[in-house]
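Data block below; observations after.
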Amino acid sequence: MLSQKSTPIPELLTLKEACDILKCHPNTLRQWDKKGILVAVRFGERKDRRYKKDDIMMLLKQNKT
């Protein structure tokens, strides 16, 4: 039986979706991932990148201040 207090699954965005929100080039996001600025979640055989929407929104908020 599942616990009622489960952690919600974060919304994940593709590289393109994240770039559209941040208005940056895909290579910028790849560099940020390597530097630890915006870490991607990797999955699958191809190790595709997905970005947590909450992390992207937090980065945007930090840059506005």
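Counting in my numbering, the sequence shown runs without a single skipped number right up to 1092 at its last residue. Glycine included, every Cβ here is placed at the ideal spot set by N, Cα and C.
Starting from the Cα of residue i, find the closest Cα among the options and give me that residue.
| i | options | result |
| --- | --- | --- |
| L1065 | E1072, Q1089, G1071 and R1073 | Q1089 |
| M1085 | D1075, I1048, I1036 and T1041 | I1048 |
| C1046 | R1057, K1062, D1075 and E1072 | R1057 |
| L1087 | E1038, T1041, L1042 and K1050 | K1050 |
Reducing DSSP to helix, strand and coil, say where residue i ends up.
| i | result |
| --- | --- |
| K1079 | strand |
| R1073 | coil |
To the nearest angstrom, how far is it from the Cα of residue i to the Cα of residue j?
| i | j | result |
| --- | --- | --- |
| K1080 | F1070 | 16 Å |
| Y1078 | V1068 | 6 Å |
| K1091 | L1040 | 21 Å |
| W1059 | T1034 | 27 Å |
| M1044 | E1072 | Here residue 1044 turns out to be Glu, not Met, going by the sequence shown. Going from the Cα of E1044 to the Cα of E1072 covers about 21 Å. |
| P1037 | D1082 | 10 Å |
| K1061 | R1076 | 12 Å |
| L1042 | K1032 | 31 Å |
| Within the region 1030-1070, ranges of the alpha helix (DSSP H) (whole runs, at least 4 residues) | Here the runs fully enclosed are 1042-1049 and 1053-1062.
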